[in-house]
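When the letters of the sequence shown are read in order and numbered with my numbering, they come out as residues 672 to 1078. Accompanying notes for the structure given below.
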Amino acid sequence: MYTLPLSVALLAIALPALGGRSPSLVARASSCTLAAAGSGKDDAPAFLAAVKSCDTTIVPKGVTLNISSPLDMTGINNKHINIQGKISFNPDLGYWTGHAFYVPFQAQLAFWLLGGNHILLDGGGTLDGQGQAWYDAFASNSSLGRPIILTVSNASDVTVQNIAMVNAPEWFNLVNEAKGVVFDNVTLSAVSTSKNAAKNTDGWDIYRSDNVTIKNSNINNGDDCVSFKPNTTNVLVSNLQCNGSHGISVGSLGQYAGVYDIVENVLATDIKMSNAQNGARIKAWAGKGVGSGIVKNVTFTNFIESNVDNPIVIDQCYETSASDCSEYPSNTYIQDVWFDSISGTSSGKEKSVVGSLSCSPDGRCSDINANNLTLSPPSKYGAATYTCQNVNITGTSAGLFPACSTT
Ligand SMILES: *[C@@H]1O[C@H](CO)[C@@H](O)[C@H](O)[C@H]1NC(C)=O
Ligand SMILES: *[C@@H]1O[C@H](CO)[C@@H](O)[C@H](O)[C@H]1NC(C)=O
Ligand SMILES: *[C@@H]1O[C@H](CO)[C@@H](O)[C@H](O)[C@H]1NC(C)=O
Ligand SMILES: *[C@@H]1O[C@H](CO)[C@@H](O)[C@H](O)[C@H]1NC(C)=O
Ligand SMILES: *[C@@H]1O[C@H](CO)[C@@H](O)[C@H](O)[C@H]1NC(C)=O
Ligand SMILES: *[C@@H]1O[C@H](CO)[C@@H](O)[C@H](O)[C@H]1NC(C)=O
Ligand SMILES: *[C@@H]1O[C@H](CO)[C@@H](O)[C@H](O)[C@H]1NC(C)=O
Ligand SMILES: *[C@@H]1O[C@H](CO)[C@@H](O)[C@H](O)[C@H]1NC(C)=O
Ligand SMILES: *[C@@H]1O[C@H](CO)[C@@H](O)[C@H](O)[C@H]1NC(C)=O
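Below, the structure written as structure tokens:
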């Protein structure tokens, strides 16, 4: 359907994608509407063909596409994928463990690679990972590879908005080697209906990517709400409600010998964090033979926490014994960090402790700030206590921390 001159086609797709207010131009871009092939059939080939050849691909309300082979949507440009219905990933575990895309980062598998330039994924519909069969199988096979629902990879200028994702087998979203990626009004929910938990269902992992925004979204899951992995820069995370998660988490960084990890310029603001293992967290490896890196300019602000085990955390001796950490301090330096206006309650798992900022010896943390912290533990544990190690804390809440112990 590429009968229009290129410049007109680009204009036609660019305006509705960015503004959505230009119906006369929408009509001039090619648009394809999909129907399901029918019971027992794989809809992936038709979905792929439509996205490759049409400017706009619509999955109408009431239509469920049965995806039973991988979706390679890399290298696509100026595309609008409008999902009003459902994309359902057929839970044939044996098939996917052999055929899902392999993602080198942490040896992950992926159902769907989305890459290229200027892509909009929206429509009010649902991406269904059909996780239950995966949660049950993983409970008896912890080496089972489980695919990520959406992997935005080798991409620029991608917007994912007004979409729900349910029951990811493992992570919901990976942003991998991408820049200019926005997630807005995305609802994530992983709930197991059996005794086997929906494990490792991270909301977002960001890796080797720059300029990523995640905002106005609701997450109910069983692992990190948002996690900043190596080489994540210029990220805004704003107005999220995270429930049941492991928090907004930098790292873990500096794990692999010879590899340098960077996380820089991160702002996480207006976060409601409930029933979680962590609130705002930074973790970096120490010990013999680990890697190195830098965490610089990270702000966690306006968090309201409820029933959180560890509301604020720096752990720069991650997975390392105290003696190893003093002999081999972390080579991942942590600088210019703000924990500002963090309120609410801990779970009491750490008794009265509501904040723990623990650095390696030898000044590996610097310019660590705490302002306006008003956290409290459950009343039976009395007044809140804060702990710290090997770090000078500045800011209006610095006095909450005792003179930090040194090792
Ligand atoms: C989805 O497609 C696969 C492979 O063609 C098939 O085995 C399965 O029954 C289909 N599922 C549905 C719900 O149609
Ligand atoms: C990344 O995408 C660009 C264009 O979209 C392509 O030219 C390049 O080969 C891709 N790189 C990788 C590593 O896939
Ligand atoms: C567990 O999963 C792995 C990876 O998918 C697979 O190779 C292995 O055969 C499975 N083990 C069992 C006991 O099913
Ligand atoms: C958010 O997305 C949902 C669909 O997932 C939609 O119903 C709702 O209207 C959207 N909200 C806004 C503010 O756009
Ligand atoms: C960041 O990404 C957004 C969305 O693609 C884009 O509008 C903006 O210009 C980018 N900012 C920079 C500094 O590249
Ligand atoms: C929030 O998470 C808790 C703990 O995982 C869970 O029991 C509860 O059902 C979740 N709430 C909602 C609204 O999903
Ligand atoms: C991160 O970026 C730095 C600087 O470009 C590079 O040296 C390093 O190898 C990258 N690390 C990873 C994990 O990609
Ligand atoms: C720190 O990060 C924030 C948020 O990404 C950014 O706006 C600000 O410019 C950064 N500051 C410096 C000095 O780079
Ligand atoms: C301190 O935090 C509370 C929320 O806990 C907020 O309402 C208030 O505006 C903050 N004050 C300052 C000075 O930032």
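Note that the Cβ used here is the ideal one computed from N, Cα and C, for glycine as well.
Under the DSSP definition of a beta bridge, threonine 830 partners with Leu791 and Val853. Put simply, the residues with a CB less than 5 Å from any heavy atom of ligand 4 are Gly795, Asn833, Ala835 and Asn856, in chain order. Note that the region 883-902 touches the region 930-938; at least 3 beta-carbon pairs, one per stretch, sit closer than 8 Å. With a beta-carbon spacing of about 13 Å, valine 857 and valine 829 fall beyond the 8 Å limit used to define contacts. Each residue's CA atom was taken as its position, placing tryptophan 1009 and aspartate 799 some 37 Å apart. Excluding sequence positions up to five before and after asparagine 914, its CB lies within less than 6 Å of the CB of Asn891, Ser945 and Asn946, all in the same chain and listed in chain order.
Here alanine 835 is bridged, per DSSP, to Thr797 and Thr858.
Going by C-alpha positions, serine 1001 is about 15 Å away from threonine 1077. Annotation: cysteine 913 is outside any alpha helix (DSSP H); the continuous beta strand (DSSP E) that includes it extends over 903-914. Among the bridge pairs identified by DSSP, asparagine 1061 is matched with none. The closest heavy atom of ligand 8 lies less than 8 Å from the beta carbon of leucine 907. Tyrosine 766 counts as exposed, since fewer than 16 other beta carbons sit within 10 angstroms of its beta carbon. Histidine 770 sits in a helix when the DSSP states are folded into three classes. In chain order, Cys725, Asp726, Thr727 and Ile729 place their CB closer than 7 Å to the CB of serine 702, counting only its own chain and leaving out the 5 sequence neighbours on each side.
Asparagine 887 and glutamine 912 have their C-alpha atoms roughly 8 Å apart. In the pairwise beta carbon analysis, the region 1022-1038 is classified as touching the region 1059-1077: at least three pairs are separated by under 8 Å. Rounded to the nearest whole angstrom, the CA to CA distance from aspartate 881 to alanine 849 is 7 Å. The beta carbons of serine 916 and aspartate 894 sit about 7 Å from each other, so the pair counts as a contact at 8 Å. By the rule of a C-beta closer than 5 Å to any heavy atom of ligand 2, the residues picked out are Gly746, Gly787 and Asn825. The Cβ atoms of alanine 1041 and proline 1048 do not sit closer than 9 Å to each other. Of the candidates Cys1030, Lys1022 and Lys1020, the residue whose Cα lies closest to the Cα of alanine 993 is Cys1030. Within the model, the alpha-carbon separation for valine 921 versus isoleucine 953 is close to 5 Å. Under a 10 Å Cβ-count criterion, glutamate 998 is classified as exposed, with fewer than 16 other Cβ atoms of the shown protein chains found around its own Cβ. Lysine 886 is bridged by DSSP to Asp855 and Ser909. With 6 Å as the limit between CB and the heavy atoms of ligand 7, the residues that fall short of it are Arg879, Pro901, Asn902, Val930, Tyr931, Asp932 and Ile933. What you get when you keep residues with a C-beta closer than 5 Å to any heavy atom of ligand 9 is Ser1012, Ser1014 and Asn1043. Short note on threonine 970: C-beta closer than 8 Å to some heavy atom of ligand 8.
Counting only runs that start and end inside the region 992-1048, the beta strand (DSSP E) elements of at least 3 residues fall at 1002-1017, 1024-1029 and 1036-1047.
Across the set Phe772, Thr991, Pro840 and Thr797, the C-alpha of Thr991 shows the shortest separation from the C-alpha of glycine 958.
Counting of Cβ neighbours within 10 angstroms places threonine 1045 among the exposed residues, the total staying below 16. For tryptophan 956, no alpha helix (DSSP H) encloses it; the enclosing beta strand (DSSP E) starts and ends at 949-956. For proline 982, the enclosing beta strand (DSSP E) starts and ends at 981-989. Note on the region 916-945: whole beta strand (DSSP E) runs with a minimum of 3 residues are 919-924 and 931-945, in chain order. For ligand 3, the residues with a Cβ under 5 Å from any of its heavy atoms are, in chain order, Thr768, Asn812, Ser814, Leu815 and Gly816.
The C-alpha of leucine 1071 is placed about 49 Å away from the C-alpha of phenylalanine 760. It is roughly 24 Å from the alpha-carbon of leucine 859 to the alpha-carbon of isoleucine 1013.
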